[in-house]
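**Student:** To start, I am sharing the structure in question, which I have written as structure tokens.
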Amino acid sequence: MTLTFIRHELKSFWRSKNTGKTVAIRIIMGVLILYLLLNVLVVAFFLDKILEKSFPTQDLITAFCGIVLYYFLFDLLMRFQLQELPTLRVQPYLLLPVKKNAIIRYLSFASLQSFFNLWPLILFTPFIFKVIKHGHGLGAAWLFMVAILALTIFNNYLSLYIKRRSNLNGWVSIGFAALLVLLGASDFAWHVISFSKISFLYFGHLLTQPALVLAPVIMALVIYYINFLYLKGNLYLEELSSRKTSYKSSTEIPLLDKFGQVGDLVANEIKLILRNKRSRSALTMTLMFMFYGLIFYTNKVYGDGWKVFCGMFMTGIFIINYGQFMYGWQAGHFDGILVSKVKFRDFLKAKYLLFTMVSFVAFILTTPYAYFGWHIVLVHFVMFIWNIGVNTTIVLFFANRNYKRIDLSKGASFNWEGVGATQLLLGFPLFILPFVIYGPLAFFKHPDIALAILASVGILFIITRNYWIKLLESDFHEKKYKIAEGFRAK
Amino acid sequence: MIEIKDLKKIYAGVTVVDVPHLEIRKGESIGLIGNNGAGKTTLFRTILDLIRPEKGEVLSRGENVAHSENWKKYTAAYLDESFLIDYLTPEEYFYFIGGLHQQTHAYVDDHLTSLTDFFNGEILNKGKYIRDLSKGNQCKVGVAACLLQNPELLMLDEPFANIDPSTQIRLKNFLKDLNKSRGITTIVSSHDLSHVTEVCERILLMEKGKIIKDIATSSGTLRELEEYFAVS
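The listed protein sequences correspond, in order, to chains F and C.
My numbering numbers the first residue of the first sequence as 1 and each following residue consecutively.
My numbering numbers the first residue of the second sequence as 1 and each following residue consecutively.
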């Protein structure tokens, strides 16, 4: 039975519309994954050197034993954020004559095929076989391997178990997060407990007492069994799906009333962003990017050119990140929009208004960077103008060429749905254009003139916005059938 | 009201809609029937300018729907859930649609009160987004949004499919009333022959993209259609 499940799983992967169909996407995906893997491999192979540098007073194995537990705590936190629950896929099997135990075993097995279960092995294996085998023999190395594997599996099922529980009760997730923060604080801030000591206590003794290896193995088995029992008791559709039922109230955004129909459209889109998982993460990303400047402005190595770069990203990340998938966000009701009385001109104006508003808020949020000099705020302002003038128009131009729908209910992490050639092409003008203007002038020591030109071009685009809207509108009428057809294809 | 000339839509070499000529006069109530794949929904979509036909044109009040957007002012349609903005609550959706037609919230509320029976207490003030409603209730939202627009042309694709018997009867009464007393042109597709023959005065029967029968409803129509669909 499990084999049949696996075959179905493979089919669902290869036949899914989101498995990057175009060659370009596959290549980019492959390169990205390889790059990540390479990074981890480099860290893995030089772990001994890194540990030597970071803990010069301790011997290597002591240092290593001290960090392992930290890794697994961090791993737990990341899993809790990013790992997806393998759930709804079992729906079609629930009413077939398949034993519940078989379904659950399969569900549990399926959850193991996650990158998170690969990292610790890649990260620690080279060190174990280089250093520990050298110092304490092959047996000790394998003991370490087993312990790390068991901890990985323990983490895997623990995070899934907590996620499943928090689906039914939101407080579980808050409680768990609080516990992790508390544990972190009691180590780093209050120094009540030290994970480094605990970690060493266990792994240090593992070298002399091989029987200790049973502890993580038993832990892994126990949590697997708990997870198994929990799933068995709750294998009902409504509990598997991650839908929470709370009262949804209607809201209005009074400020937008002033803009008439365009305002209504913006209000709808704001609701879209806030009420759906994937779009919400685009907004969260925008807020995270507000800290982007700290990387560059705290370090004197980065010159003035980086301000242009940072300013564009911090005030415009929403335009780039959310705009690249337009109008795919609205794929679910695109037919409705086309048939309704909404004029496409208003539809476009609403996009401009939304971008302008979010960008403005982002600019206001970046003003505290004045701490690093007022010039930064000036550059940010220039790039804000550039973003709402030029970049919005570029993004909307490409939106007319995007035929891929987005399923709003899916999470954003590792989600390649909606990614196509459009997104890749979009990157070039967005990233290169400002530097085509800024680069040469800055090189000849006229960065101020460059900024003035950037600002003027931005303002020019804002003034001529109606002209661009007209162009985009006629362009859209040419392509709307293809867009609508693409959005209909689930 | 609607005139179709020489219309052809081809998907991957297969002609899915082929209508040389069809005229729908103002105030007519049309029932569109045919088995799955006969081309009913595709015909609806071409009339609503959602897909581009390979050949021919659709005129609404003499204007090609692909060139002018005037038809949107007097046309309301509900084909499937993709016409609904599913992350809004039904109330927000109605206010939005009403707003497009310059209707105030008070006006919309007033109109919704007249639909209390139709909603049967399942739609308003339930604290749910449209995506969390059942298919039948989503259909109610879609139909109600159409009625809210006071259209002159109303197009519904299989509206009876997911709704409960009481709502079916109410919807039939609505359709008859809209057509008789307000002269609204209605085009309704359905797989339920008795519903269509009851509501519509003119029946179009589609098969493989072609309209093969165009009959005015009479007492014998139901029998005639049942004979056509009967499997031997």
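All C-beta atoms in this analysis are idealised placements derived from N, C-alpha and C, irrespective of residue type, glycine included.
Every value quoted in this text rests on a predicted model; they were computed, and no experiment measured them.
(1) With distance defined between alpha-carbon atoms, name the residue in C/LEU205, C/GLY220, C/THR221 nearest to C/ASP214.
(2) Which word fits C/THR46, buried or exposed, when buried means at least 16 other C-beta atoms lie within 10 angstroms of its C-beta?
(3) Is the Cβ of F/TYR403 closer than 8 Å to any Cβ of chain C?
(4) Hey, quick one: how far does the beta strand (DSSP E) through C/LEU84 stretch, first residue to last?
(5) Which residues share a DSSP beta bridge with F/SER166?
(6) So C/SER82 contacts chain F; which residues on that side make the cut at Cβ distance below 9 Å?
(7) Does at least one heavy atom of the ligand GTP sit under 7 Å from the Cβ of F/LYS49?
(8) Would you say F/ASP475 reaches chain A, if we count a Cβ-Cβ gap shorter than 8 Å as a contact?
(9) Output, in sequence order along the chain, the residues in the region 116–130 of chain C whose CB is closer than 8 Å to any CB in chain F.
(10) Within 10 angstroms of its Cβ, does C/PRO165 collect 16 or more other Cβ (buried), or is it exposed?
(11) Taking C-beta pairs closer than 8 Å, name the residues in chain F that C/TYR87 reaches, listed in chain order.
(12) For the 8 Å Cβ check, are there 3 or more pairs between the region 336–343 of chain F and the region 83–102 of chain C?
(13) Determine the chain F residues that contact C/GLY99 at a beta-carbon separation under 9 Å, and present them in chain order.
(14) Considering Cα atoms alone, identify which of C/THR41, C/CYS139, C/ARG25, C/ALA230 is closest to C/ARG209.
(15) Going along the region 26–60 of chain C in order, which residues come within less than 9 Å of chain F, judged by CB to CB distance?
(16) May I ask you to verify whether the region 83–93 of chain C touches the region 262–279 of chain F, counting CB pairs closer than 8 Å and requiring at least 3?
(17) Mapping the DSSP letters down to three states, classify F/GLU478 as helix, strand or coil.
(18) Whose C-beta lies closer than 7 Å to the C-beta of F/LEU112 among residues of the same chain, with five residues either side of it excluded?
(19) Taking a cut of 9 Å between CB atoms, which residues from the region 339–356 of chain F lie near chain C?
(20) Mind checking the region 60–77 of chain C against chain F and listing, in chain order, the residues whose C-beta falls within less than 8 Å of any C-beta there?
(21) What does DSSP give as the partner residue(s) for C/ALA76 in the beta ladder?
(22) To which residues of the same chain is F/ILE483 closer than 6 Å at the C-beta, ignoring the five residues directly before and after it?
(23) Using a C-beta cutoff of 8 Å, does F/ASN268 count as contacting chain C?
(24) Could you tell me which uninterrupted alpha helix (DSSP H) segments, each at least 4 residues in length, are contained entirely in the region 84–127 of chain C, listed from first to last along the chain?
(25) Counting only runs of 4+ residues fully inside the region 29–77 of chain C, write out the alpha helix (DSSP H) ranges in chain order.
(26) With C/GLU92 and C/GLN138 assumed to form a contact (beta carbons below 8 Å), what rounded beta-carbon distance in angstroms separates them?
(27) Output, in chain order, the set of chain F residues within a Cβ distance shorter than 7 Å of C/PHE229.
(28) Is it a yes or a no for the region 145–160 of chain C touching the region 190–202 of chain C, going by three-plus beta-carbon pairs under 8 Å?
(29) For F/LYS248, go through chain C and note every residue whose CB falls closer than 8 Å to its CB, in chain order.
(30) Rank F/PHE80, F/PHE296, F/MET145 by C-alpha distance to the C-alpha of F/SER166 and give the top, closest one.
(31) Anyone know if the C-beta pair for F/LEU207 and F/TRP329 falls short of 8 Å?
(32) Name the DSSP bridge partner or partners of C/GLU226?
(33) Taking C/LEU79 as the query, report the chain F residues whose CB atoms sit under 8 Å from its CB, ordered along the chain.
(34) Quick check on C/LEU154: buried or exposed, where buried means 16 or more other Cβ atoms within 10 Å of its Cβ?
(35) State the beta-bridge partners of F/VAL42 as determined by DSSP.
(36) If you drop the 5 nearest sequence neighbours on each side, which residues of the same chain put their C-beta closer than 8 Å to that of C/GLU23?
**Tutor:** Taking the definition as stated:
(1) For C/ASP214, the nearest C-alpha among the options comes from C/LEU205.
(2) Classification for C/THR46: buried.
(3) Answer no: the Cβ-Cβ gap between F/TYR403 and chain C never drops below 8 Å.
(4) In this chain, C/LEU84 is not harboured by any beta strand (DSSP E), its DSSP state being neither H nor E.
(5) Beta-bridge annotation (DSSP): F/SER166 is not paired with any residue.
(6) Residues of chain F with a Cβ closer than 9 Å to the Cβ of C/SER82 are, in chain order, ALA331, GLY332, HIS333, PHE334, ASP335, GLY336, PHE487, ARG488.
(7) Ligands are entirely absent from the displayed structure, and the ligand GTP is therefore not among its contents.
(8) Chain labels in this structure do not include chain A; the protein chains are F and C.
(9) Result list: GLY127, LYS128, TYR129.
(10) Under this definition C/PRO165 is an exposed residue.
(11) LYS271, LEU272, ARG275, ASN276, LEU408, listed in chain order.
(12) Pairwise C-beta distances place the region 336–343 of chain F in contact with the region 83–102 of chain C, as three or more of them are shorter than 8 Å.
(13) Simply GLY260, GLN261, ASP264.
(14) In the sequence as displayed, the identity of residue 209 of chain C is Gly instead of Arg. C/GLY209 has its Cα closest to that of C/THR41, out of C/THR41, C/CYS139, C/ARG25, C/ALA230.
(15) Against chain F - using a Cβ distance shorter than 9 Å - the residues of the region 26–60 of chain C are ARG45, LEU48, ASP49, LEU50, ILE51, ARG52.
(16) Verdict: yes, contact present.
(17) If DSSP states are grouped into helix, strand and coil, F/GLU478 belongs with the helices.
(18) Annotation for F/LEU112: ASN156 place their beta carbon closer than 7 Å to its own, counting only its chain and skipping 5 residues before and after.
(19) Within the region 339–356 of chain F, contact with chain C at the beta-carbon level (separation under 9 Å) is assigned to VAL339, SER340, LYS341, VAL342, LYS343, PHE344.
(20) Of all residues in the region 60–77 of chain C, GLU69, LYS72, LYS73, THR75, ALA77 have a Cβ within less than 8 Å of some Cβ in chain F.
(21) C/ALA76 is bridged to C/LEU154.
(22) Only TYR403 meet the Cβ criterion.
(23) Judged by the 8 Å Cβ criterion, F/ASN268 is in contact with chain C.
(24) You should have 90–100, 105–113, 116–119.
(25) Uninterrupted alpha helix (DSSP H) stretches at least 4 residues long and entirely within the region 29–77 of chain C occur at 40–47, given in chain order.
(26) About 14 Å; that fails the 8 Å criterion.
(27) By Cβ distance, chain F contributes nothing, its closest Cβ being about 28 Å from C/PHE229, past 7 Å.
(28) Segments in contact, yes.
(29) Those within 8 Å of F/LYS248 in chain C are THR89, GLY127, LYS128, TYR129, ASP132.
(30) Between F/SER166 and the set F/PHE80, F/PHE296, F/MET145, the nearest pair of CA atoms involves F/PHE80.
(31) No; because the gap between Cβ atoms is not below 8 Å, this pair is not in contact.
(32) BP columns for C/GLU226 are empty, so no partner.
(33) The contacting residues are ASP335.
(34) With 16 or more other Cβ atoms from the protein chains shown falling within 10 Å of its own Cβ, C/LEU154 counts as buried.
(35) DSSP lists no partner for F/VAL42.
(36) Within the same chain, C/GLU23 has close Cβ partners ILE2, GLU3, ILE4.
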